[in-house]
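Trainee: Have a look at the structure that comes next, please.
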Amino acid sequence: MLYLTKIRNAESEFTGNEQKIADFLRANVSELKSVSSRKMAKQLGISQSSIVKFAQKLGAQGFTELRMALIGEYSASREKTNATALHLHSSITSDDSLEVIARKLNREKELALEQTCALFDYARLQKIIEVISKAPFIQITGLGGSALVGRDLSFKLMKIGYRVTCEADTHVQATVSQALKKGDVQIAISYSGSKKEIVLCAEAARKQGATVIAITSLTDSPLRRLAHYTLDTVSGETEWRSSSMSTRTAQNSVTDLLFVGLVQLNDVESLKMIERSSER
Numbered sequence: 001m002l003y004l005t006k007i008r009n010a011e012s013e014f015t016g017n018e019q020k021i022a023d024f025l026r027a028n029v030s031e032l033k034s035v036s037s038r039k040m041a042k043q044l045g046i047s048q049s050s051i052v053k054f055a056q057k058l059g060a061q062g063f064t065e066l067r068m069a070l071i072g073e074y075s076a077s078r079e080k081t082n083a084t085a086l087h088l089h090s091s092i093t094s095d096d097s098l099e100v101i102a103r104k105l106n107r108e109k110e111l112a113l114e115q116t117c118a119l120f121d122y123a124r125l126q127k128i129i130e131v132i133s134k135a136p137f138i139q140i141t142g143l144g145g146s147a148l149v150g151r152d153l154s155f156k157l158m159k160i161g162y163r164v165t166c167e168a169d170t171h172v173q174a175t176v177s178q179a180l181k182k183g184d185v186q187i188a189i190s191y192s193g194s195k196k197e198i199v200l201c202a203e204a205a206r207k208q209g210a211t212v213i214a215i216t217s218l219t220d221s222p223l224r225r226l227a228h229y230t231l232d233t234v235s236g237e238t239e240w241r242s243s244s245m246s247t248r249t250a251q252n253s254v255t256d257l258l259f260v261g262l263v264q265l266n267d268v269e270s271l272k273m274i275e276r277s278s279e280r
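According to the UniProt record's numbering, the stretch in the sequence shown is residues 1 to 280, in order.
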């Protein structure tokens with residue numbers, strides 16, 4: 001589990017003390033071997049229990065586990081940095097050659113995949129796959145780049161026999177949401193989780209008794225609060241990637257995993273359907 005990534009993505013929901021802890025950990029990650037919760041609490045002017053609760057909020061059993069994990073992440077990051085002469089984590093600039101841009105994009109996509117996969121709760125993912133497999137009807141919603149990811153997933157699900165729709169028009173999305181029934185599934189794809197149109201569709205789906213599955217970031221959002229299940233994605237966008245390339249990479253890793261999981265549930269029949277669709 002990548003705790004530095006979790007800290008970065010959960011910042012918007014931190015309390016004042018939690019933000020102090022987060023800032024301290026990031027600023028002193030290279031020196032955490034000599035830091036105890038008592039020493040840290042004294043330096044920040046907060047209680048030790050606040051530090052323990054912060055660690056548990058991120059999924060660690062306590063501060064010791066969090067501290068050791070962060071030390072490991074820092075060491076691994078240093079090894080990767082030393083393995084290349086290029087600063088592949090930095091933003092793409094107007095002075096970069098195409099070769100440098102290609103390497104940076106490749107590394108950013110690798111990071112999006114690594115960080116997203118590190119956050120998977122595979123037991124929950126298996127449950128989500130089972131819920132989708134039993135759905136009489138599936139609606140996929142999304143806007144912009146997320147809509148492209150949704151359309152790709154819808155085509156794949158159609159290939160293995162699922163009744164699914166992914167409409168680009170937001171009015172049609174809303175209409176379909178209002179017609180969902182109990183047992184149906186809505187897969188809402190939105191990295192921010194705050195797009196009004198997607199949130200309204202999720203609200204309508206819940207009201208109709210459908211199960212809402214959100215593919216979104218770790219940040220607290222209206223969509224995250226509405227969803228029955230969430231699948232977390234991580235990406236790092238910059239002004240040079242307004243088309244959300246690394247976000248789509250992270251989202252596609254989730255949707256591809258859902259698809260393969262669904263194929264596995266009924267592999268013989270699913271593979272036959274895929275072969276038939278390839279012959280057309």
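Just so it is clear, CB atoms sit at the ideal spot from N, CA and C, and this is done for glycine as well.
Who are residue 214's beta bridge partners in DSSP?
Mentor: Here residue 214 refers to the residue found at position 214 of the sequence shown. Bridge partners of residue 214: 188, 230.
Trainee: Less than 7 Å between CB atoms is the rule here; does residue 201 satisfy it with respect to chain E?
Mentor: Looking at the structure shown, chain E is missing, and only one protein chain is on hand.
Trainee: Spatial neighbours of residue 137 within its chain, please: CB distance less than 6 Å, with the 5 preceding and 5 following residues excluded, ordered by chain position.
Mentor: Translated into positions along the sequence shown, residue 137 becomes position 137. Result list for residue 137: 163, 184, in chain order.
Trainee: Is the beta carbon of residue 128 closer than 7 Å to that of residue 213?
Mentor: Indexing the sequence shown from 1 puts residue 213 at position 213. Indexing the sequence shown from 1 puts residue 128 at position 128. Going by beta carbons, residue 213 and residue 128 fall inside the 7 Å limit.
Trainee: Using beta-carbon positions only, say whether residue 201 and residue 247 come within less than 7 Å of one another.
Mentor: The sequence position of residue 201 within the sequence shown is 201, counting from 1. The sequence position of residue 247 within the sequence shown is 247, counting from 1. Taking 7 Å as the Cβ cut-off, residue 201 and residue 247 do not qualify as a contacting pair.
Trainee: Which full runs of the alpha helix (DSSP H) of 4+ residues lie inside the stretch 49–133, going along the chain?
Mentor: 63–82, 98–118, 122–133
Trainee: Can you give me the start and stop residues for the alpha helix (DSSP H) that residue 281 sits inside?
Mentor: Given that the chain is displayed from residue 1 to residue 280, the structure contains no residue 281 and the question cannot be resolved.
Trainee: How big is the Cα-Cα spacing for residue 250 and residue 101?
Mentor: In the sequence shown, the residue the question calls residue 250 occupies position 250. In the sequence shown, the residue the question calls residue 101 occupies position 101. If I take the Cα positions, the gap works out to 19 Å.
Trainee: Give the secondary structure of residue 150 by DSSP, where H, G and I count as helix, E and B as strand, and everything else as coil.
Mentor: Looking up residue 150 in the sequence shown gives position 150. The three-state reading of DSSP puts residue 150 in helix, counting H, G and I together.
Trainee: Check each candidate in 207, 2, 198 and name the one with the smallest Cα separation from residue 221.
Mentor: In the sequence shown, counting from the first residue as 1, residue 221 sits at position 221. Residue 198 is the option with its Cα nearest to residue 221.
Trainee: Could you check the C-alpha separation between residue 165 and residue 175 for me, to the nearest Å?
Mentor: Position 165 of the sequence shown holds residue 165. Position 175 of the sequence shown holds residue 175. In a straight line, the C-alpha of residue 165 is about 12 Å away from that of residue 175.
Trainee: Just the Cα atoms here: how many angstroms apart are residue 133 and residue 31?
Mentor: Taking the sequence shown and counting its residues from 1, one reaches residue 133 at position 133. Taking the sequence shown and counting its residues from 1, one reaches residue 31 at position 31. Between residue 133 and residue 31, the C-alpha separation is close to 48 Å.
Trainee: Report all residues from its chain with a CB closer than 6 Å to the CB of residue 55; omit the five preceding and five following residues, and keep chain order.
Mentor: Taking the first residue of the sequence shown as position 1, residue 55 is located at position 55. 62, 63, 66, listed in sequence order.
Trainee: Buried or exposed: residue 169, going by 16 or more other Cβ atoms within 10 Å of its Cβ?
Mentor: One-based indexing of the sequence shown puts residue 169 at position 169. It counts as exposed.
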